[in-house]
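For what it's worth, our numbering labels the leading residue of the sequence shown as 18, then goes sequentially.
What follows is a set of notes on a single structure, which appears directly below.
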Amino acid sequence: FYAERQRKTNLVGPTGAGKTLMAEFYAAITGRPFLRIEHNQELDKASVFGQVHITAGDTDFVPGDLPQAMAAPTVVVLDELTRATGPANMIYQRVFDRNEMYMPEMKDAGLKAITPHPQFVICATDNTKGDGEDLDMYPASNVQDAAFRNRFDALIEVPYATQAEEEALCKHLLTVPIPPVMIKSLAQFSFLIHAGCADRTISTAFSPRQLINICRDLNDGLTMKQSMTLCYINFCSKSEYSDILETYKTAFGEELI
C-alpha cells in the first residue's frame with residue numbers, strides 16, 4: 018500500500034526478521050530494479066551519492082548508486098539507517114522532504130537537484146527506531162533526532178515469523194527425511210530463543226539465517242547437534258550458554274552437550 022504510493026516507510030525489527038527481504042520481494046513481484054544501500058562509518062559518499070568534477074573549467078557530475086537508481090522505478094532500501102553518518106542523513110532528508118537529491122557541492126557547481134522517476138520507491142530498514150531505547154542490543158546504531166525520524170510517513174514493526182511459519186519453512190527447505198517431531202522441536206527452539214531475546218535474557222539472536230543454514234546442514238548429512246553447535250552455539254557468549262542449553266533441552270527433550 019505505502020510502496021505503491023511512494024510513501025517513505027521505515028521497517029523496524031530484530032536482525033533476520035526479513036525486513037530487507039520484504040522490500041526485495043516487492044521489487045521482484047512488481048518487476049522493478051532493487052538497490053540496497055548498507056550503512057556504516059565507512060560509507061563511500063561518492064559511490065553512493067556521486068561527486069562533482071571540474072575539468073578545464075567544465076563542471077560534470079558523476080552520479081553514484083542512488084541518483085542512478087532514481088532515474089528508474091527502483092525500490093531502494095536504506096539498510097540499517099541509524100548507522101548512517103550526519104552528512105548522509107542530510108542528503109536523505111532532502112529526498113524524504115522534497116523528493117529530490119541535492120548535495121552542497123552541486124550548488125557550488127551550479128547543478129540542479131536530481132528528481133526521481135515517478136515510480137521510484139525509497140524505504141529504510143533498521144533494528145531500532147532511532148530513539149536510543151535499544152542501543153544495548155545494537156550499540157553500533159546511532160540516535161536520530163526527532164526531526165529526521167519524522168520525515169518517514171510510516172513506521173512498520175516487523176516481528177520474527179511465528180513458530181508455525183518457521184516449521185513450514187523448515188519442511189519446505191528439508192530435502193532429506195527428518196522426523197516431524199525434530200522439525201517441530203527446531204521451530205520451538207527458534208521461538209523460545211526469540212522470546213529470550215525479547216526479554217533480554219539472551220543476547221544472541223536466532224534468525225531465519227540460522228534456521229536456513231541448519232536445514233542445509235541436515236540435508237548434507239550433519240546431525241542436529243552438530244549443526245546447532247556450528248550455526249548458533251559457537252556464536253553465543255559464555256554468559257548465556259546455560260540459558261541456551263536449557264532452551265535446547267526444553268525444545269528437543271535432550272541435552273545438547
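Glycine included, C-beta positions come from ideal geometry on N, C-alpha and C.
Once you ignore the five residues that flank residue i on each side, which residues in its own chain have a CB closer than 7 Å to its CB?
i: Thr267; result: Leu209
i: Thr32; result: Asn144, Ala222 and Ser224
i: Glu184; result: Ile200, Lys201 and Ala204
i: Thr102; result: Gln58 and Leu60
i: Glu272; result: Lys266
i: Asp170; result: Tyr19, Arg24, Lys25 and Thr26
i: Gly81; result: Ala63, Ser64, Val65, Phe66 and Gly67
i: Gln110; result: Phe165 and Arg168
i: Ser244; result: Ile231, Asp234 and Leu235
For residue i and residue j, I'd like the C-alpha separation in whole angstroms.
i: Ile193; j: Lys242; result: The question names Ile, but residue 193 is Val in the sequence shown. Answer to the nearest angstrom: the Cα atoms are 17 Å apart.
i: His211; j: Gln205; result: 10 Å
i: Val65; j: Ile108; result: 11 Å
i: Leu38; j: Ile139; result: 14 Å
i: Glu59; j: Leu191; result: 39 Å
i: Pro104; j: Met120; result: 9 Å
i: Gly48; j: Ile54; result: 19 Å
i: Glu263; j: Glu257; result: 10 Å
i: Ala164; j: Leu172; result: 14 Å
i: Gly149; j: Gln161; result: 8 Å
i: Gly238; j: Asn27; result: 40 Å
i: Met118; j: Ile71; result: 20 Å
i: Pro50; j: Gln136; result: 11 Å
i: Leu235; j: Val94; result: 33 Å
i: Asn251; j: Glu174; result: 29 Å
i: Ser207; j: Cys232; result: 13 Å
i: Thr76; j: Val92; result: 30 Å
i: Thr240; j: Ala141; result: 38 Å
i: Arg115; j: Phe269; result: 54 Å
i: Gly74; j: Asp125; result: 13 Å
i: Met154; j: Ala86; result: 32 Å
i: Ala88; j: Leu128; result: 16 Å
i: Cys214; j: Ala130; result: 44 Å
i: Glu41; j: Cys187; result: 21 Å
i: Leu83; j: Ala44; result: 16 Å
i: Asn106; j: His134; result: 21 Å
i: Thr246; j: His189; result: 22 Å
i: Ile195; j: Glu122; result: 60 Å
i: Arg217; j: Ile274; result: 24 Å
Looking only at its own chain, which residues have a Cβ that is under 8 Å from the Cβ of residue i, when we skip the five neighbours before and after it?
i: Ser158; result: Glu97, Thr99, Arg100, Asp143, Asn144, Thr145, Gly147, Asp151 and Leu152
i: Cys248; result: Gln227, Asn230, Ile231 and Asp234
i: Leu52; result: Asp82, Leu83, Ala86, Thr91, Val92, Val93 and Val94
i: Pro156; result: none
i: Val29; result: Lys36, Thr142, Asp143, Asn144, Thr145, Lys146, Leu172, Ile173, Glu174 and Val175
Spatial neighbours of residue i within its chain, please: CB distance less than 6 Å, with the 5 preceding and 5 following residues excluded, ordered by chain position.
i: Phe113; result: Lys25 and Arg168
i: Cys253; result: Thr221 and Ile261
i: Pro197; result: none
i: Glu182; result: none
i: Thr132; result: Glu117
Which word fits residue i, buried or exposed, when buried means at least 16 other C-beta atoms lie within 10 angstroms of its C-beta?
i: Lys36; result: buried
i: Ile46; result: exposed
i: Ser259; result: exposed
i: Val275; result: The chain is shown only over 18 to 274; residue 275 falls outside these bounds and no answer can be derived.
i: His56; result: buried
i: Ile219; result: buried
For the ligand MN, I want to know if residue i counts as a neighbour, meaning its beta carbon is within less than 7 Å of at least one of the ligand's heavy atoms.
i: Cys253; result: This structure lacks the ligand MN; in fact it carries no ligand of any kind.
4 or more residues per run - each alpha helix (DSSP H) lying fully within the segment 182-222: Listed in chain order, the alpha helix (DSSP H) runs fully inside the segment 182-222 are 197-215, counting runs of at least 4 residues.
Under 8 Å: do the segment 60-78 and the segment 173-191 share three or more Cβ pairs, one atom per stretch? Contact fails: fewer than three Cβ-Cβ distances are below 8 Å.
Alpha helix (DSSP H) segments (min. 4 residues) lying fully within the segment 116-144: Taking only runs of at least 4 residues, the alpha helix (DSSP H) segments lying wholly in the segment 116-144 are 121-125.
Could you name each continuous alpha helix (DSSP H) segment of 4 residues or more that falls completely within the segment 40-107, going from the start of the chain to the end? Listed in chain order, the complete alpha helix (DSSP H) runs (minimum 4 residues) inside the segment 40-107 are 62-65 and 82-87.
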